[in-house]
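A.B. asks: Protein chains in written order, with UniProt numbering: chain A, 1 to 292; chain B, 1 to 98; chain C, 1 to 635.
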Amino acid sequence: MGETITFWVLAVVSVAAAFGLVFSRKAVYSALMLGVVMLSLAVLYAVQDAPFLAVVQIIVYTGAVMMLFLFVLMLVGVDSSDSLVETIKGQRFWAFVAGLGFAVLLAVGIGNAVVGDATGLAAANAEGGNVQGLAKLIFTRYVFAFEVTSALLITAALGAMVLAHRERSEPKATQKDLARARFLGDHPTPLPGPGTYARHNAIDMPALLPDGSVSELSVNRVIARHDVETGRLPENARLAAAIRQVAAHGPRTEQPKVVQAVAEPAEVPVAAEDDPPTAARPAGTPVEEEGK
Amino acid sequence: MTTHYLVLSALLFAIGGIGVLVRRNAIVVFMCVELMLNACNLAFVAFARQHGNLQGQIIAFFVMVVAAAEVVVGLAIIVTIFRTRRSASVDDANLLKY
Amino acid sequence: MEPAEIVQHSGGVIGASWLMIALPLLGAAILLLTGRRSDRAGHLLGVAMSLASFVVAVLVFFELIGLGADSRRRVVELYDFLPSGSLDVKMGLLLDPLSISFALLITGVGSLIHIYSIGYMAHDPNRRRFFAYLNLFVAAMLLLVLADNYLGLYIGWEGVGLASYLLIGFWQHKPSAAVAAKKAFIVNRVGDMGLALGIFVIFTTFGTISYAGTLPLAGNASTGTLTLISLALLLGACGKSAQVPLQSWLLDAMEGPTPVSALIHAATMVTAGVYLVVRSGAFFEGAPTAQLVVTIVGVVTLLAGAIIGTAKDDIKKALAGSTMSQIGYMMLAAGLGPAGYAVAIAHLIAHGFFKASMFLGAGSVMHAMNDEVNMRRYGGLASVMKITWITFGLGYLAIIGFPLLSGYWTKDGIIEAAMEHNQILGWLAVLGAGITGFYMSRLFFMTFHGRRRWEEGVHPHESPAVMTWPLIILSIGSVFGGAFLILGNRMFEFLAPAVGRPEEAPTVHAISTIGLVTLAVVAVGAVYAWLRYGRAAVPEVAPRGSFLTTFARRDLYGDALNEALFMRPGQWLTRIAVFFDNRGIDGLVNGLAAAIGGTSGRLRRVQTGFVRSYALSIFFGAALLVGAWFVVGNL
């Protein structure tokens, strides 16, 4: 009875988490969902008289593998959350058809494979317990496979090192080189901080340049995308356009020329005239429409 | 009871499969593959108990080892691709075509 | 009486008879391989080789005479030619009265023509090559008549065809000569196909192709098989001997130098067909239908050749028509069986002499007249070229059957044999003799008598001795040859061991009713010719003439018939085949390739490069496999 309750609870949790893994937009959420599934499965192992596997599941999978995933996620960039808009025609439809068909076939197939009650592992685990039983098998009957696994692990470790290693093809840049590159580049000065010359210094507000134009360089892309997705755009059309531009394609490197800017100087300030300056908000907090 | 575990296993496997087909982020695709492997392990463990035989658990153990190795290499490949192409989308690595 | 048994022989001159073939072959090889270096003495080497071959032939002849009449068929084994499974051909030479007669004729007349060519080709820069081809021809012809099996005969047969092609086209700078050479070669191929088929049937019937293993056993085969073999061989004989329907090449072959016309197209090569029919007599005797066809072919050809001869103004073409006609006589006799073989061969030898004499005489005339061949531009040459006139005249009298000369004996023999066999054939042969009398007289009077119709600037003169001596020797042969061979049944008795003999030997009459009738018909033809061309003036430009004249001038429309029946349909067939090949086969192949290419081009699009698409198909495949597994497992 206890097993039944455990099963049903964990089954629901793991399936829900699996769906979450597939459908969550952010890779980090997916990773967390996978962790939930793995933990549930660890418990299910334990319930099925496999305490050793349950522990290994937690240590290896949830501990090592999941950490690796998260590390790589951080390395690759959290900003790599992808949109769920399908680009390949028909891919999603057929994927669901195939997945559903496969699930049904598999469930029907191996569901019918089991006849009669489970034998149980009481007898097998009797001699010194589960760990000893497994150890006996691994070091006798499967010792060769076990040794080969060690070779596999070493090879994998070497392979990972070789793949991830990057040969430095040029000398490491000194501070002098960096300074030179900066002055030769587009922006000798530091990039404008958000909120510069604006009525407030909220981190998601684009800076205004001295001529009054909007600097797209000052907007963080992740934050801009978040704003676009949640619909928290400023009322001011030029600011909103700048944020949308950054969210969709990244900042345009070329800034409006000064001459042009002088021609139409003070639109934004006028539009923001009535706004009482608000205090700085913490980063990432929703920005209500400007000028409210 | 074993049947329940097996059906759950099949369900998780199919969901993992759908994830592989639907998601574009290589890391998420990888996670889905791991999910499928875990579903298999669940079936192995269930069968082990059904037959009163530890060999199913042994196989599950080996699967874990192989999965660990696979994750190491696979993630290294993803990092390498990302480094050169600035993208972790499997759709962007589509040069090998007609 | 059956022919004598064929016996193995070794040693003696007969054992060395292979020298007959080897010497001219060696001469040809030397002359061709040394090239211009042997230009100066090449013609002498050629003549020497031919004469040496003749000497060997004479020695072999006398040794053969020395043997008993019933043991005059000797085989000299040379080597194992084709030791392949059931087809085991041992190359050897068959020396018997028939083959040695031919060998003597070929080497004898051939040598005289070699000598004559020294003078005739004196100013030709390629004289050495000419002699090389002549030697090659003699070697091939000797192999043809001396081989003891059909394969050896076939090799010689083809070698003769090759030599003929090379010699007809010897002046290949003349388009007409090149075309004539090709025509001769192609028409001969048609005949050769018949010969090859005949040999194939012989092999399947008897399991061997040697004369010794087939001819004595001919009686074992069914009449149908023998008829098939005989008709196939006859087709070959028609090709080589210019018999209807494969006669068209001979007239064009006159494009070659005149000695070639004399050697190949009068004395030797064209007689190969007669040799084949006589040699394979055992097959023909077992197939009366085939014999009838042979006689019909002979009669048709002798009339056709004679009619063509009446209308030609080109002296060589008129002579070529007469050659066709005379070989028709031989074919007619050869179709009569053992009764006609001896007289056919006798006529062949006599014809070899007088036709060679006349051709060489014609060559002498052309030599004197700056290579003019139109008889309407000759006339009155008798006083200028005495020796040529006399020798040509003797040949002329011999061919029309003037009493006691060669043709009188041999041709009368044929006509009498034909008359005994079948009245219609006999009377047609008599008619042919009458036409012969007419056209040969026409030729003779137009050339040597009447008004001089020479072109301006032509100063005829007698030819040098190297050309006249062969003429003299040949004319002696044409005067006495016939009488020597026929009187006392000499040829008949001599050939009997080789071809067998009928129950009763033919009686030879110096004067017979048929002979007198023939003589009268010939006289009518000759006198008519004298009235038309001797006494009356010959116009220098040929009159248009009646429909019949045109008919004869156009070679009885033989070429037109060939073109209409074979060439045009062949061309159409080729065009259809080419069209079918371009559109049908190439279209199929190219279309298939294009279809595959197009399909591939579209299927290529399936390779999107998206790994998720591939994964989808893998997933579907796995699902399919699981499904199939359930279905199969539940069955």
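Every residue, glycine too, gets a C-beta built ideally from N, C-alpha and C.
#1: Is there a C-beta anywhere in chain B that falls below 9 Å from the one on T87/A?
#2: Check whether the Cβ atoms of M385/C and S357/C sit closer than 9 Å, and answer yes or no.
#3: Let me check one thing: in DSSP terms, what residues is D80/C bridge-paired to?
#4: Within the 9 Å Cβ cut-off, does A271/A reach chain C?
#5: Suppose only complete runs of 4+ residues qualify. What are the alpha helix (DSSP H) ranges in the segment 109–180 of chain A, listed by chain order?
#6: Leaving out five residues before and five after L217/C in sequence, what residues of the same chain have Cβ atoms less than 7 Å from its Cβ?
#7: Taking the straight line between their C-alpha atoms, what separation do you get for G236/C and L104/C?
#8: What residues of chain C sit near F102/A, judged by a beta carbon separation below 8 Å?
#9: For A207/A, which three-state DSSP category applies?
#10: Buried or exposed for L12/B, please, with buried defined as at least 16 other CB atoms from any protein chain shown within 10 angstroms of its CB.
#11: For the segment 428–503 of chain C, which segments carrying the alpha helix (DSSP H) assignment without a break, of at least 4 residues, lie completely within its bounds, in sequence order?
#12: If you reduce the DSSP assignment to three classes, tell me which class L11/B lands in.
#13: Measuring CA to CA, which of I58/B, K97/B and V90/B is closest to V22/B?
#14: Shorter than 9 Å from the beta carbon of L105/A to some beta carbon of chain C?
#15: Quick check: L195/C and L233/C, are their CB atoms within less than 9 Å of each other?
#16: Just the C-alpha distance for F339/C and L303/C, rounded to the nearest angstrom, thanks.
#17: Taking 9 Å as the threshold (C-beta atoms), are L78/C and I209/C in contact?
#18: Mind pulling the chain B residues with CB within less than 9 Å of R612/C?
#19: In whole angstroms, give me the CA-to-CA distance for L136/C and V58/C.
#20: Apart from the five residues on each side of it in sequence, which residues of its chain come closer than 8 Å, Cβ to Cβ, to V262/A?
#21: Put D39/C into one of helix, strand or coil per three-state DSSP.
#22: Within 10 Å of its beta-carbon, does F61/B have 16 or more other beta-carbons around it, so buried, or fewer, so exposed?
#23: Against chain A, does residue 636/C count as a neighbour if the rule is that its beta carbon must be under 9 Å from one of theirs?
#24: Report yes if the C-beta distance between V43/A and L10/A is below 9 Å; otherwise report no.
#25: Whole-angstrom Cβ separation of Y396/C and F444/C, contact assumed at under 8 Å?
#26: For chain C, is any of its Cβ atoms less than 9 Å away from the one on N94/B?
#27: Any heavy atom of the ligand MN closer than 8 Å to the beta-carbon of L41/A?
#28: Nearest chain A C-beta to R85/B closer than 9 Å, yes or no?
#29: Would you check if the distance between the CB atom of M33/A and the CB atom of A17/A is smaller than 9 Å?
#30: Mind checking if Y5/B is an interface residue toward chain C, Cβ cutoff 9 Å exclusive?
#31: According to DSSP, which residues form a beta bridge with V75/C?
#32: Alpha carbon to alpha carbon, how far is G19/B from M1/A? Give it in angstroms, no decimals.
#33: With V606/C as the anchor, note down where its alpha helix (DSSP H) starts and where it stops.
#34: For L573/C, which residues in chain A fall below 7 Å Cβ to Cβ?
#35: Can you grab the Cα-Cα spacing for the pair L167/C / L231/C, in whole Å?
#36: I'd like to know if E147/A contacts chain B, where contact means its C-beta is closer than 9 Å to some C-beta of that chain.
C.D. replies: Reading it off the structure:
#1: The residue given as residue 87/A occupies position 87 in the first sequence. Yes, its Cβ sits closer than 9 Å to a Cβ of chain B.
#2: Taking the third sequence and counting its residues from 1, one reaches residue 385/C at position 385. Taking the third sequence and counting its residues from 1, one reaches residue 357/C at position 357. No, they are not a contact pair.
#3: The residue given as residue 80/C occupies position 80 in the third sequence. Answer is K90/C.
#4: As a first step, residue 271/A must be located in the first sequence, where it is residue number 271. Model confidence at A271/A stands at a pLDDT of 40, short of 50, so the residue's coordinates are unreliable and nothing is read from them.
#5: 130–139 and 143–164
#6: As a first step, residue 217/C is located in the third sequence; it is residue number 217 there, counting from the start. Closer than 7 Å at the Cβ level, and outside the excluded window around L217/C, lie F206.
#7: Your numbering for residue 236/C matches position 236 in the third sequence. Your numbering for residue 104/C matches position 104 in the third sequence. Roughly 23 Å between the two C-alpha positions.
#8: Residue mapping note: residue 102/A aligns to position 102 of the first sequence, counting from 1. Those within 8 Å of F102/A in chain C are F619, A622, A623 and V626.
#9: For the purposes of this step, residue 207/A is taken as the residue at position 207 of the first sequence. Correct three-state label for A207/A: strand.
#10: Here residue 12/B refers to the residue found at position 12 when the second sequence is read from its first residue. With 16 or more other Cβ atoms within 10 Å, it is buried.
#11: 465–486 and 490–499
#12: As a position in the second sequence, residue 11/B is number 11, starting the count at 1. In this structure, L11/B counts as helix in the three-state DSSP scheme.
#13: Residue numbering aside, residue 22/B sits at position 22 when the second sequence is read from its first letter. Looking at the Cα atoms, V90/B is the closest of the given residues.
#14: Here the question's residue 105/A lines up with position 105 in the first sequence. Yes, its Cβ sits closer than 9 Å to a Cβ of chain C.
#15: Taking the first residue of the third sequence as position 1, residue 195/C is located at position 195. Taking the first residue of the third sequence as position 1, residue 233/C is located at position 233. Yes, these two residues count as a Cβ contact at 9 Å.
#16: Against the third sequence, residue 339/C aligns to sequence position 339. Against the third sequence, residue 303/C aligns to sequence position 303. The question names Phe, yet the displayed sequence has Ala at residue 339/C. So the alpha carbons of these two residues sit roughly 22 Å apart.
#17: Position 209 of the third sequence, counting from 1, holds the residue named residue 209/C. Position 78 of the third sequence, counting from 1, holds the residue named residue 78/C. Their beta carbons are not under 9 Å apart, which means I209/C does not touch L78/C by this criterion.
#18: As a position in the third sequence, residue 612/C is number 612, starting the count at 1. The answer, in chain order, is V20, L21, V22, R23, R24, V29, V90 and D91.
#19: Residue numbering aside, residue 136/C sits at position 136 when the third sequence is read from its first letter. Residue numbering aside, residue 58/C sits at position 58 when the third sequence is read from its first letter. Cα-Cα distance, rounded: 20 Å.
#20: Within the first sequence, residue 262/A is the residue found at index 262, counting from 1. Confidence at V262/A is low in this model, with a pLDDT of 43, below 50, so its placement is unreliable and no value can be given for it.
#21: Taking the third sequence and counting its residues from 1, the one referred to as residue 39/C is at position 39. Note: D39/C maps to coil in three-state DSSP.
#22: Walking along the second sequence from the start, residue 61/B turns up at place 61. It is buried - the Cβ of F61/B has at least 16 other Cβ atoms within 10 Å.
#23: In the structure as shown, chain C begins at 1 and stops at 635. Residue 636/C is therefore absent and cannot be evaluated.
#24: By one-based count along the first sequence, residue 43/A stands at place 43. By one-based count along the first sequence, residue 10/A stands at place 10. It is a contact, given that the beta carbons lie within the stated cut-off.
#25: Sequence index remark: in the third sequence, residue 396/C carries index 396 (1-based). Sequence index remark: in the third sequence, residue 444/C carries index 444 (1-based). That pair is a contact at about 5 Å.
#26: Residue 94/B sits at position 94 when you count from the first residue of the second sequence. Closer than 9 Å: yes.
#27: For the structure depicted, the ligand MN is absent and the ligand set is empty, with no information on it obtainable.
#28: As a first step, residue 85/B is located in the second sequence; it is residue number 85 there, counting from the start. Judged by the 9 Å Cβ criterion, R85/B is not in contact with chain A.
#29: In the first sequence, residue 33/A corresponds to position 33, counting from 1. In the first sequence, residue 17/A corresponds to position 17, counting from 1. Yes, Cβ-Cβ distance for M33/A and A17/A is below 9 Å.
#30: The residue you call residue 5/B lines up with position 5 of the second sequence. Answer no: the Cβ-Cβ gap between Y5/B and chain C never drops below 9 Å.
#31: Position 75 of the third sequence, counting from 1, holds the residue named residue 75/C. Q8/C and L94/C, per the DSSP bridge assignment.
#32: Locating residue 1/A in the first sequence gives position 1, counting from the first residue. Locating residue 19/B in the second sequence gives position 19, counting from the first residue. Their Cα atoms are separated by approximately 33 Å.
#33: Numbered from 1 along the third sequence, position 606 holds the residue referred to as residue 606/C. Counting along the chain, V606/C falls outside any alpha helix (DSSP H), and DSSP gives it neither H nor E.
#34: Here residue 573/C refers to the residue found at position 573 of the third sequence. Within 7 Å Cβ-Cβ: nothing; L573/C doesn't reach chain A, min ~57 Å.
#35: For the purposes of this step, residue 167/C is taken as residue 167 along the third sequence, with counting starting at 1. For the purposes of this step, residue 231/C is taken as residue 231 along the third sequence, with counting starting at 1. The straight-line gap from Cα to Cα measures roughly 29 Å.
#36: In the first sequence, counting from the first residue as 1, residue 147/A sits at position 147. It does not; no Cβ of chain B falls within 9 Å.
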